[in-house]
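Protein chains in written order, with this note's numbering: chain A, 202 to 338; chain B, 202 to 338; chain C, 202 to 338; chain D, 202 to 338; chain E, 202 to 338; chain F, 202 to 338.
Contents: one structure, followed by commentary.
There are 6 protein chains.
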Amino acid sequence: MPVVTVNRKAHFNAAHRLYNNEWSDDRNADVFGKCANVHYHGHNYELIVSVTGEINPQTGFVMDMKILKDLIKSEIEDYFDHRNLNEELPEFKTLNPTAENISVVIWEKLRTKIDTKLALKITLYETPRNFVVFTGN
Amino acid sequence: MPVVTVNRKAHFNAAHRLYNNEWSDDRNADVFGKCANVHYHGHNYELIVSVTGEINPQTGFVMDMKILKDLIKSEIEDYFDHRNLNEELPEFKTLNPTAENISVVIWEKLRTKIDTKLALKITLYETPRNFVVFTGN
Amino acid sequence: MPVVTVNRKAHFNAAHRLYNNEWSDDRNADVFGKCANVHYHGHNYELIVSVTGEINPQTGFVMDMKILKDLIKSEIEDYFDHRNLNEELPEFKTLNPTAENISVVIWEKLRTKIDTKLALKITLYETPRNFVVFTGN
Amino acid sequence: MPVVTVNRKAHFNAAHRLYNNEWSDDRNADVFGKCANVHYHGHNYELIVSVTGEINPQTGFVMDMKILKDLIKSEIEDYFDHRNLNEELPEFKTLNPTAENISVVIWEKLRTKIDTKLALKITLYETPRNFVVFTGN
Amino acid sequence: MPVVTVNRKAHFNAAHRLYNNEWSDDRNADVFGKCANVHYHGHNYELIVSVTGEINPQTGFVMDMKILKDLIKSEIEDYFDHRNLNEELPEFKTLNPTAENISVVIWEKLRTKIDTKLALKITLYETPRNFVVFTGN
Amino acid sequence: MPVVTVNRKAHFNAAHRLYNNEWSDDRNADVFGKCANVHYHGHNYELIVSVTGEINPQTGFVMDMKILKDLIKSEIEDYFDHRNLNEELPEFKTLNPTAENISVVIWEKLRTKIDTKLALKITLYETPRNFVVFTGN
């Protein structure tokens, strides 16, 4: 059967700051600039989840988009939306919540919920001009 | 010569319903939900056709975009636009018109018209939030 | 208090055909072209609902966007989504479902649910290139 | 001379929470839901500044867009970007930083810097699906 | 009958430079900066034509969008596309081709072709971040 | 460490014409149509620069986006913006400034400035409907 990638968009809003706990405040300010602001700032994160696999000949689906939509809602949107990533999510207690690291965390959370016969890719827009892609490698 | 991908966007509007002829109406309703609505619903399909190959040193083109634009118009837009996919297009008499299957049909229609030295990829948006990609594998 | 317009986007997918019941099929085909296709075609309708009024000094809101979002979902998205407008919605039994007429129907449905101190405007995209605006006049 | 509106887009990222200082935490949670999260959340705010007036016959400009761009940068982007609106900006010490109130604050800051012969309108996207418009009335 | 605005998007690509023939080159460079570059630069202009009037009760249309689309093509796209505005279009022999002035020229060209019972508005994007609006006043 | 792609958008406006110096004007007109217009036309080029590599465990970055943004500004935006590609840039004295060839030139200019452990990909939109991708192969 043909191998197709299905993609679903979602979004969430969150606050964060960039900060390495092992560095001084001065070095954090040097490296991260205003992104290290102690009072936090925030983003509308736009997310694209991409799942690749063979078309099921009975349904015509690679994966039912309603199931994928619900999975993204329960695992990602409900978990990240209107949160302070540094303060409220245990994944970022020591991990710096850069777009790169957030995309890896999202990939890991979804990977456990999606059939391993299907490849998984995460695209995450931090702003309309900055985005990252993670494929699990 | 450098290998570049050229991409051209197009669009068409069509009606469809998701339905497996070999299943009962109840099973179709179970699996496809309101997408199985007997009266059909519809979409604005946004299409991106991607063609990859070496740059021709005389023209600077991988493929003349005007030719690609005209080809997409005659082979895809004129064929799909303002159609009921289930009722009017023979490809979907027994094939369920999911975005996945439509992308494969579009790929097959264009593949016969484009030089085989050029790779072909189809991206099809069923809605601004759902889209599929098919590369011919 | 300052007068501000708050706007909320939503969307639904539907099938329709353009058709005047009082005309012959030939005249319908002449006027509406392929939009009169007897098998229907469809669109992803993108909707913007705009509500104008004074800011409430206690909440800072003109209207709570969560309430507006829920109202659009229950009154418009649930009613129009995945429907055949001509066949399934009584408003269009004799009214031609052009974008213009759909925008008026949406305005009328929401007008009864929103405080009359607030002005109401409907913007409806039939395709990314065609859209209409109705303000109730 | 013809009267034209010129529009310039800009953006900034900020953290905020919705909160009325005169209410209990419970009432704030009731009214503002997860937007009242004590740890803040954030947005990419997209801003459109619209200036209306007669075309200057010598330049063909209503207002030099480079001057407008620089004004938006110095007065708005530099002031709001990567800030916590509740904690760091005096305008929001007692004013709830809803999109409505932010649009009024932006309008007031720019109004003092732009020739009063020119009308001023602010459009502010809090998310791609929620936006507000303020014209100074 | 309800009064609705119908909007149609179009686009064209053109070269221009900003220049006042009555000024010295130095003054042009002072006022227009790199936009005065003697070798020209260019833009993808995105155009929205908005027509407001009563819905025709027989068609459900304010104005047939196919007719509007064809009119924009013949009067605007074919006239402006792939042109050097300063060198090739007589309207800009002495008129500086700013976005403001181009919007007025487009309005005047279309105004003569559209029923005067219908109001006409032009929105012209010079870049995704800069756009102008002209309503004929 | 995980391998992630970071992407940054930028843009510039330029004039060009498509032309092969070794051909007659007639042959140029035949092959390039109105794109060969001797007076030039122009575009808003939208650029996405994509950089792939391992996340640095100390910063959480693949590459500091501020550095990438500044690099794109100094090497690409400042070099191409408001230029006539054929007349003013030495790269296109004999190379036809098609989107394909421009993407290769951009790639080559950035490749010398970015750590060779990082892969580099260029996506260049000539119009919202035409774009090219070059990965260096």
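Ideal Cβ positions, reconstructed from N, Cα and C, are used throughout, including at glycine.
Inset, instruction - Kindly say whether Arg209 (chain B), judged by its beta-carbon, lies nearer than 9 Å to any beta-carbon of chain C. - result: Indexing the second sequence from 1 puts residue 209 (chain B) at position 8. It does not: the Cβ of Arg209 (chain B) has no partner Cβ on chain C nearer than 9 Å.
Inset, instruction - For the alpha helix (DSSP H) holding Asn208 (chain E), just list the boundary residues, first then last. - result: Indexing the fifth sequence from 1 puts residue 208 (chain E) at position 7. Careful: Asn208 (chain E) lies outside any alpha helix (DSSP H), inside the beta strand (DSSP E) at 204-217.
Legend entry - Spatial neighbours of Val333 (chain C) in its chain, beta-carbon cut-off 6 Å, leaving aside the 5 residues before and after: By one-based count along the third sequence, residue 333 (chain C) stands at place 132. Residues of the same chain with a CB within less than 6 Å of the CB of Val333 (chain C), apart from the 5 flanking positions on each side, are Ala300, Glu301, Ser304, Leu325 in chain order.
Inset, instruction - Provide the residue span of the beta strand (DSSP E) that contains Lys267 (chain C), from first to last. - result: Residue mapping note: residue 267 (chain C) aligns to position 66 of the third sequence, counting from 1. No beta strand (DSSP E) contains Lys267 (chain C), which is instead part of the alpha helix (DSSP H) from 266-273.
Legend entry - Chain-ordered residues of the segment 265-296 of chain A with a beta carbon less than 8 Å from chain F: Leu296
Legend entry - Minimum Cβ-Cβ distance from Gly243 (chain C) to chain B less than 9 Å: The count along the third sequence starts at 1 and reaches residue 243 (chain C) at position 42. Closer than 9 Å to some Cβ of chain B, the Cβ of Gly243 (chain C) qualifies, so yes.
Legend entry - Under 8 Å by beta carbon: chain B residues contacting Phe262 (chain A): Reading the first sequence from its first residue, position 61 is the one you call residue 262 (chain A). Under the 8 Å cutoff, chain B gives Thr299, Glu301.
Legend entry - Terminal residues of the alpha helix (DSSP H) in which Glu276 (chain E) lies: Taking the first residue of the fifth sequence as position 1, residue 276 (chain E) is located at position 75. Note, Glu276 (chain E): premise wrong, no alpha helix (DSSP H); not H, not E.
Legend entry - Reference Arg330 (chain F); option with closest CA among E:Phe213, E:Met202, E:Thr206: Locating residue 330 (chain F) in the sixth sequence gives position 129, counting from the first residue. The shortest C-alpha separation from Arg330 (chain F) is found at E:Phe213.
Legend entry - Selection from A:Val205, A:Leu311, A:Tyr246, A:Leu296 that minimises the alpha carbon distance to Tyr220 (chain A): Taking the first sequence and counting its residues from 1, the one referred to as residue 220 (chain A) is at position 19. Considering only alpha carbons, the answer is A:Leu296.
Legend entry - CB contact below 9 Å: Val334 (chain B) versus chain A: Taking the second sequence and counting its residues from 1, one reaches residue 334 (chain B) at position 133. For Val334 (chain B), the answer is yes, since a Cβ of chain A falls inside 9 Å of its Cβ.
Inset, instruction - Report yes if the CB atom of Leu319 (chain A) is closer than 9 Å to the CB atom of Val263 (chain A), and no otherwise. - result: Here residue 319 (chain A) corresponds to residue number 118 of the first sequence, with the count starting at 1. Here residue 263 (chain A) corresponds to residue number 62 of the first sequence, with the count starting at 1. Taking 9 Å as the Cβ cut-off, Leu319 (chain A) and Val263 (chain A) qualify as a contacting pair.
Inset, instruction - With DSSP collapsed to three states, give me the class of Leu321 (chain C). - result: Counted from its first residue, the third sequence places residue 321 (chain C) at position 120. Leu321 (chain C): strand per DSSP, three-state reduction.
Inset, instruction - Run down chain E in chain order and give the residues with a C-beta less than 9 Å from the C-beta of Asn221 (chain C). - result: Within the third sequence, the letter at position 20 stands for residue 221 (chain C). Those within 9 Å of Asn221 (chain C) in chain E are Gln259, Thr260, Gly261.
Inset, instruction - Between the Cα of Ile256 (chain E) and those of E:Pro203, E:Val207, E:Leu269, E:Glu292, spot the shortest distance and give me the residue it belongs to. - result: Taking the fifth sequence and counting its residues from 1, one reaches residue 256 (chain E) at position 55. The candidate whose alpha carbon is nearest that of Ile256 (chain E) is E:Pro203.
Inset, instruction - Taking 9 Å as the cut-off, decide whether the C-beta atoms of Tyr280 (chain E) and Leu290 (chain E) are in contact. - result: Within the fifth sequence, residue 280 (chain E) is the residue found at index 79, counting from 1. Within the fifth sequence, residue 290 (chain E) is the residue found at index 89, counting from 1. Yes, Cβ-Cβ distance for Tyr280 (chain E) and Leu290 (chain E) is below 9 Å.
Legend entry - Same chain only: Cβ atoms within 8 Å of Cys236 (chain B), ignoring 5 sequence neighbours per side: The residue you call residue 236 (chain B) lines up with position 35 of the second sequence. Around Cys236 (chain B): Arg218, Leu219, His242.
Legend entry - Cβ shell of Gly261 (chain D) (< 6 Å), same chain only, five flanking positions each side left out: For the purposes of this step, residue 261 (chain D) is identified with residue 60 of the fourth sequence, where counting begins at 1. Excluding residues within five positions, none has a Cβ falling inside 6 Å.
Legend entry - Lys314 (chain E) vs Leu272 (chain E) beta-carbon contact at 9 Å: Stepping through the fifth sequence from its first residue, residue 314 (chain E) is reached at position 113. Stepping through the fifth sequence from its first residue, residue 272 (chain E) is reached at position 71. Yes.
Inset, instruction - Leaving out five residues on either side along the sequence, give the residues of the same chain with a beta carbon under 6 Å from the beta carbon of Asn208 (chain F). - result: Numbered from 1 along the sixth sequence, position 7 holds the residue referred to as residue 208 (chain F). These residues qualify, in order along the chain: Ile249, Ser251.
Legend entry - One or two residues paired with Tyr326 (chain A) in a DSSP bridge: Working through the first sequence from its first residue, we reach residue 326 (chain A) at position 125. Bridge partners of Tyr326 (chain A): A:Glu247, A:Phe332.
Inset, instruction - Have a look at Asp231 (chain D) and His240 (chain D) and give me their C-alpha separation to the nearest angstrom. - result: Counted from its first residue, the fourth sequence places residue 231 (chain D) at position 30. Counted from its first residue, the fourth sequence places residue 240 (chain D) at position 39. When rounded, the distance between both Cα atoms is 17 Å.
Inset, instruction - For Glu255 (chain A), name the three-state secondary structure that DSSP assigns. - result: By one-based count along the first sequence, residue 255 (chain A) stands at place 54. Strand, per DSSP.
Inset, instruction - Go ahead and label Glu327 (chain C) buried or exposed: buried means 16 or more other beta carbons lie within 10 angstroms of its beta carbon, across all protein chains shown. - result: As a first step, residue 327 (chain C) must be located in the third sequence, where it is residue number 126. It counts as buried.
Inset, instruction - Could you name the residues of the segment 305-316 of chain A whose beta carbon sits closer than 7 Å to any beta carbon of chain F, in the order they occur along the chain? - result: Val305
Inset, instruction - Verify the CB distance criterion: does Pro329 (chain D) have a CB-CB separation below 9 Å to chain C? - result: To locate residue 329 (chain D), count along the fourth sequence from 1; it is residue 128. Under the 9 Å criterion on CB atoms, Pro329 (chain D) is classed as interfacial with respect to chain C.
Legend entry - Exposed unless 16 or more other CB atoms sit within 10 angstroms - verdict on Pro298 (chain D): Within the fourth sequence, numbered from 1, the residue matching residue 298 (chain D) stands at position 97. Burial call: buried.
Inset, instruction - Look up Asn285 (chain F) in the DSSP assignment and give the residues it is bridged to. - result: The residue labelled residue 285 (chain F) in the question sits at position 84 within the sixth sequence. In the DSSP output, where bridge partners are listed per residue, Asn285 (chain F) has F:Ala216.
Legend entry - Any chain C beta carbon closer than 9 Å to Ile256 (chain E): Residue numbering aside, residue 256 (chain E) sits at position 55 when the fifth sequence is read from its first letter. Taking a beta-carbon distance threshold of 9 Å, Ile256 (chain E) counts as an interface residue toward chain C.
Legend entry - Cutoff 9 Å: Thr392 (chain E) Cβ touching any chain C Cβ: No statement about residue 392 (chain E) is possible, as the shown extent of chain E runs from 202 to 338 and does not include it.
Inset, instruction - With 9 Å as the threshold, decide whether the Cβ of Val205 (chain A) is near any Cβ in chain B. - result: As a first step, residue 205 (chain A) must be located in the first sequence, where it is residue number 4. Chain B, which has a Cβ nearer than 9 Å to the Cβ of Val205 (chain A), makes this yes.
Inset, instruction - Name the residue from A:Trp224, A:Ala216, A:Gly254 whose alpha carbon lies nearest to the alpha carbon of Thr317 (chain A). - result: Residue mapping note: residue 317 (chain A) aligns to position 116 of the first sequence, counting from 1. Nearest of A:Trp224, A:Ala216, A:Gly254 to Thr317 (chain A), Cα basis: A:Gly254.
Legend entry - CB contact check: Asn238 (chain B) to chain G, cutoff 9 Å: This model lacks chain G altogether, as its protein chains are A, B, C, D, E and F.
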